[in-house]
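For the sequence shown, position 341 (counting from the first letter as 1) is numbered 341 according to this note's numbering, and the numbering increases by one without interruption.
In this text, a Cβ means the ideal position worked out from N, Cα and C, and glycines have one as well.
What you are looking at is a predicted structure, and each value in this text was computed from that prediction instead of being measured.
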Amino acid sequence: MFFRKSPDKVQENRPASDDSLEELRKLLMGPMQERFDQMQQLLKMLENQELQAEEVSQILPEAILMRSSRDKQIVKAMEPITEQAIEASIQRDPRVLVSLFVPVMLPAIRKAIGTMIKEMIETFSATLEHGMSFRGLRWRYEAFKTKKPFGEVALLHSLVYQVEQIFLIHRETGLVLLSEVSKDTVVVQDADMVSGMLSAIQDFVRDSFGATQDDSIENMQFGDRSIWIEQTQYLIFAAVVWGNAPTELRKVLKETLNTIHFEHLDNIRNFDGNTAPFESAKHHLLACMKSQHKERERHPVIFWTVISLLCILIGWWSFFTIRDHIRWTNYLEKLQNEPGIVVAETEKRSGKHYVYGLRDSLASDPENMLYDAKIDPEKVHFKWELYHSSHPEFMVRRIKKILNPPDTVRFYYKDGTLRVEGIAPRQWIIDSKKLVEAIPGVVRYKNEKVVVLEQKQIETLKEQIEKTFFFFDAISTKVKVGQEKALAQLANEIMELVRLTRMFNKTIRIDIIGHTDSVGTEERNSLISQKRADEVFSLLTAYGAEPELFTKKGVASKEPIKEEKTEKDREANRCVNLKVVISDKENIK
Numbered sequence: 001m002f003f004r005k006s007p008d009k010v011q012e013n014r015p016a017s018d019d020s021l022e023e024l025r026k027l028l029m030g031p032m033q034e035r036f037d038q039m040q041q042l043l044k045m046l047e048n049q050e051l052q053a054e055e056v057s058q059i060l061p062e063a064i065l066m067r068s069s070r071d072k073q074i075v076k077a078m079e080p081i082t083e084q085a086i087e088a089s090i091q092r093d094p095r096v097l098v099s100l101f102v103p104v105m106l107p108a109i110r111k112a113i114g115t116m117i118k119e120m121i122e123t124f125s126a127t128l129e130h131g132m133s134f135r136g137l138r139w140r141y142e143a144f145k146t147k148k149p150f151g152e153v154a155l156l157h158s159l160v161y162q163v164e165q166i167f168l169i170h171r172e173t174g175l176v177l178l179s180e181v182s183k184d185t186v187v188v189q190d191a192d193m194v195s196g197m198l199s200a201i202q203d204f205v206r207d208s209f210g211a212t213q214d215d216s217i218e219n220m221q222f223g224d225r226s227i228w229i230e231q232t233q234y235l236i237f238a239a240v241v242w243g244n245a246p247t248e249l250r251k252v253l254k255e256t257l258n259t260i261h262f263e264h265l266d267n268i269r270n271f272d273g274n275t276a277p278f279e280s281a282k283h284h285l286l287a288c289m290k291s292q293h294k295e296r297e298r299h300p301v302i303f304w305t306v307i308s309l310l311c312i313l314i315g316w317w318s319f320f321t322i323r324d325h326i327r328w329t330n331y332l333e334k335l336q337n338e339p340g341i342v343v344a345e346t347e348k349r350s351g352k353h354y355v356y357g358l359r360d361s362l363a364s365d366p367e368n369m370l371y372d373a374k375i376d377p378e379k380v381h382f383k384w385e386l387y388h389s390s391h392p393e394f395m396v397r398r399i400k401k402i403l404n405p406p407d408t409v410r411f412y413y414k415d416g417t418l419r420v421e422g423i424a425p426r427q428w429i430i431d432s433k434k435l436v437e438a439i440p441g442v443v444r445y446k447n448e449k450v451v452v453l454e455q456k457q458i459e460t461l462k463e464q465i466e467k468t469f470f471f472f473d474a475i476s477t478k479v480k481v482g483q484e485k486a487l488a489q490l491a492n493e494i495m496e497l498v499r500l501t502r503m504f505n506k507t508i509r510i511d512i513i514g515h516t517d518s519v520g521t522e523e524r525n526s527l528i529s530q531k532r533a534d535e536v537f538s539l540l541t542a543y544g545a546e547p548e549l550f551t552k553k554g555v556a557s558k559e560p561i562k563e564e565k566t567e568k569d570r571e572a573n574r575c576v577n578l579k580v581v582i583s584d585k586e587n588i589k
């Protein structure tokens with residue numbers, strides 16, 4: 001029969017070797033046992049957290065809704081967490097938030113830019129329309145005096161419009177919350193009809209053109225009237241306007257709508273069809289009932305008379321100012337192109353012109369030129385420094401003044417070369433060669449084409465003497481009556497010729513040749529021709545000619561002047577002529 005031992009007894013009866021084994025096991029398995037125990041505890045904790053998260057997820061939405069309806073503490077608690085999350089998202093990838101905001105922001109930006117451009121164009125048009133008129137000038141003075149913008153003053157005076165009706169409409173239900181009518185309005189529209197019409201039109205536009213819920217109609221035109229529409233998330237503000245209202249009116253409507261929206265935000269969110277709470281906003285609608293009436297035009301006769309006289313005075317002053325300027329400009333240009341004048345500087349002080357420069361003494365007088373330009377000399381002052389111009393005209397004039405040439409001499413000056421042409425006395429030619437060397441600016445002197453006057457005179461006298469004939473009757477040896485004057489003139493020419501030839505160291509011989517016609521014998525004709533030559537010789541010496549100058553001979557009819565065919569030809573052969581021979585003294589034998 002077997003009996004089970006109790007543990008104590010077993011323990012008591014365990015040998016000492018078992019205790020050693022236990023100690024060895026603890027030494028080997030101790031660290032692993034601790035880790036095992038820690039893993040068991042962690043597993044139990046995870047099972048408890050999953051259970052708790054599941055329980056919290058079931059009650060969290062209801063808890064947030066309940067707390068947010070009670071106060072704003074949940075918002076304050078989540079605000080820093082939300083900001084940090086957004087900041088981290090932007091730092092990680094900004095394109096995520098950009099892609100979310102672009103569809104929302106772009107329509108609003110386009111709408112704002114379009115409104116701004118439209119207002120700018122209308123303002124600019126109004127400024128152009130009224131800026132330069134008499135009313136515009138008066139309004140500018142008023143703007144300056146009252147420190148208001150000109151556009152605001154012009155708005156108060158010039159634009160003609162009237163806000164006839166205003167409607168405040170609940171956007172979701174389409175019910176009219178409040179309306180106001182101008183006392184001057186002739187035709188009053190039913191508020192509910194207007195609200196229904198606006199809702200129907202906006203629904204039609206969205207359905208037809210694919211517009212979003214945020215898009216809306218801003219303006220509708222019908223005849224002389226238009227409906228201006230502004231809206232927020234919950235409200236629509238519509239104003240019936242007659243005439244041409246300024247863009248500032250839209251700003252007033254928008255600001256009024258925003259004010260009503262924020263003042264009655266709770267009433268709007270909790271709207272149940274009762275419009276009584278909105279009666280307190282009626283004064284805002286009354287502030288939008290604006291109108292502007294055009295003033296009667298007056299004809300300021302005195303103003304326009306003054307303006308006309310002022311324009312005439314300005315035109316008169318401008319005409320004479322421009323005319324004087326043109327005259328002065330043309331005068332200066334002519335003065336600068338005038339030889340011998342160099343204009344260095346011009347200025348105008350106290351209504352007078354001052355001219356400084358250089359002037360040749362031979363140049364034209366600038367003061368005399370003022371009369372040709374029709375400029376008052378009293379208004380022009382000159383200050384010239386003297387100088388010698390190298391202009392060809394002035395060089396020639398200066399040379400003429402020094403050389404004092406005869407009228408038959410011409411001068412040509414270019415690049416330091418003086419060229420002389422014409423006829424001049426022999427002595428002048430000799431003197432000019434000496435004087436020209438002392439003239440400044442003359443480097444070369446050419447007078448090859450100058451003909452000596454005395455030589456020209458010698459040739460002329462010789463030609464005139466040889467063309468002189470003295471005629472005789474048949475068989476007569478006396479000069480025909482009436483030729484005495486020709487004889488005296490011939491004698492003077494011969495004496496002048498002698499004087500000129502001696503000036504050039506030359507000698508002269510004059511042959512007196514007697515002629516007869518062919519009638520009669522040769523012996524008789526020779527005797528008659530010789531006597532005729534002697535007769536002319538005697539007459540010439542009687543008038544003062546030197547006898548040693550002449551030789552006389554008779555050639556009868558051997559050297560006829562003309563071929564004898566008629567009696568006149570024979571008369572021409574009954575004559576005496578002269579032949580002049582000029583030679584150098586050394587050639588005389």
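Could you work out which residue in Ser-350, Asn-330, His-388, Ile-81 is closest to Pro-339 when comparing CA atoms only? Taking only the C-alpha atoms, the option nearest Pro-339 is His-388.
Thinking just about the alpha-carbon of each residue, which of Ile-430, Arg-426, Glu-463, Ala-474 is nearest to the one in Phe-504? Comparing alpha-carbon positions, the option among Ile-430, Arg-426, Glu-463, Ala-474 lying closest to Phe-504 turns out to be Arg-426.
What beta strand (DSSP E) runs, 3 residues minimum, are completely inside the segment 441–488? Those beta strand (DSSP E) runs which fall completely within the segment 441–488 and span 3+ residues are 444–452, 469–471.
So what does DSSP say about Ser-226, is it helix, strand or coil? Correct three-state label for Ser-226: strand.
In terms of alpha-carbon separation, which member of Ile-508, Arg-398, Lys-379 lies closest to Lys-348? Answer by Cα proximity: Lys-379.
Pick helix, strand or coil for Val-536, following the three-state DSSP scheme. Of the three classes helix, strand and coil, the one that applies to Val-536 here is helix, per DSSP.
Mind checking who Gln-73 pairs with in its DSSP beta bridge? According to DSSP, residue pairing for Gln-73 in a beta bridge does not occur.
So, is Gln-165 buried or exposed, given that buried needs 16 or more other C-beta atoms within 10 angstroms? That one is buried.
Return helix, strand or coil for Thr-551, following the three-state DSSP convention. In the structure shown, Thr-551 sits in a strand (DSSP, three-state: E or B).
With distances taken Cα to Cα, identify the nearest neighbour of Thr-321 among Ile-375, Thr-173, Phe-471, Phe-262. Looking from the CA of Thr-321, the closest CA among Ile-375, Thr-173, Phe-471, Phe-262 belongs to Ile-375.
Do Leu-335 and Pro-366 count as a contact pair if the criterion is CB distance below 8 Å? Going by C-beta atoms, Pro-366 is nearer than 8 Å to Leu-335.
Looking at the structure shown, is Phe-278 part of a helix, part of a strand, or coil, going by DSSP? Secondary structure at Phe-278: helix, using DSSP grouped into helix, strand and coil.
Inter-residue spacing [alpha-carbon to alpha-carbon] between Pro-107 and Leu-310: Taking C-alpha positions only, Pro-107 is separated from Leu-310 by approximately 55 Å.
Close-in-space but distant-in-sequence residues of the same chain around Asp-584 (CB under 8 Å, 5 per side omitted): If we look at Asp-584 and ignore the five residues flanking it on each side, its Cβ neighbours are Asn-505, Lys-506, Thr-507.
Can you check which of these residues, Lys-251, Val-176, Ser-280, is closest to Ile-236 by C-alpha distance? That would be Val-176, whose Cα lies nearest to the Cα of Ile-236.
Could you pull the start and end residues of the beta strand (DSSP E) that Leu-235 belongs to? From DSSP, the beta strand (DSSP E) with Leu-235 extends over 235–243.
Quick check on Glu-567: does DSSP put it in helix, strand or coil? It is helical.
Leu-453 versus Ala-373: straight-line alpha-carbon distance, rounded: Taking the straight line joining both Cα atoms gives about 45 Å.
Alpha helix (DSSP H) runs wholly inside the segment 383–432, at least 4 long, in chain order: With a minimum length of 4 residues, the unbroken runs of alpha helix (DSSP H) contained wholly in the segment 383–432 fall at 392–403.
Helix or strand or just coil, what does DSSP make of Thr-346? In the structure shown, Thr-346 sits in a strand (DSSP, three-state: E or B).
CB-CB length for Tyr-591 against Val-241, believed under 8 Å: Because the chain here runs from 1 to 589, residue 591 falls outside it and cannot be looked at.
Could you check how far apart the C-beta atoms of Ile-512 and Val-481 are, in whole angstroms? I think they sit under 8 Å. Not quite, the Cβ-Cβ distance comes to about 20 Å (not below 8 Å), so this is no contact.
Applying the criterion that 16 or more other CB atoms from any shown protein chain within 10 Å of the CB defines a buried residue, is Asn-330 buried or exposed? It is exposed - the Cβ of Asn-330 has fewer than 16 other Cβ atoms within 10 Å.
Beta-carbon proximity list for Glu-496, same chain, < 8 Å, skipping 5 on both sides: Closer than 8 Å at the Cβ level, and outside the excluded window around Glu-496, lie Gln-457, Leu-461.
Candidates Arg-532, Lys-254, Arg-444, Trp-384: closest to Phe-411 by CA position: Taking only the C-alpha atoms, the option nearest Phe-411 is Arg-444.
Start and end residues, beta strand (DSSP E) containing Val-436: For Val-436, there is no enclosing beta strand (DSSP E), as DSSP marks it with neither H nor E.
Looking at C-alpha atoms only, which residue of Leu-435, Lys-449, Lys-433 is the closest neighbour of Ile-423? The shortest CA-to-CA distance from Ile-423 to any of Leu-435, Lys-449, Lys-433 is the one to Lys-449.
Report the three-state DSSP secondary structure of Leu-358 (helix, strand or coil). Strand, per DSSP.
Pick out whichever of Ala-112, His-264, Phe-394, Ala-545 has its Cα sitting closest to the Cα of Ala-491. Residue Ala-545 is the option with its Cα nearest to Ala-491.
Cβ neighbour criterion (16 or more within 10 Å) applied to Ser-350: Under this definition Ser-350 is an exposed residue.
When we look at the beta-carbon of Met-395 and count the other beta-carbons within 10 Å, is it buried (16 or more) or exposed? Residue burial annotation: Met-395 is buried, with at least 16 other C-beta atoms found within 10 angstroms of its C-beta.
In the DSSP assignment, the alpha helix (DSSP H) including Asn-270 goes from what residue to what residue? Taken as a continuous stretch (DSSP letters only), Asn-270 belongs to no alpha helix (DSSP H), as it is neither H nor E.
Cutoff 8 Å; reference Ser-89; Cβ partners in own chain excluding five residues on either side: So the qualifying residues of the chain are Val-96, Leu-97.
According to DSSP, is Gly-514 part of a helix, a strand, or is it coil? In the structure shown, Gly-514 falls within a strand segment according to DSSP collapsed to helix, strand and coil.
Which of the three DSSP states is assigned to Ile-341 in this structure? Strand at Ile-341.
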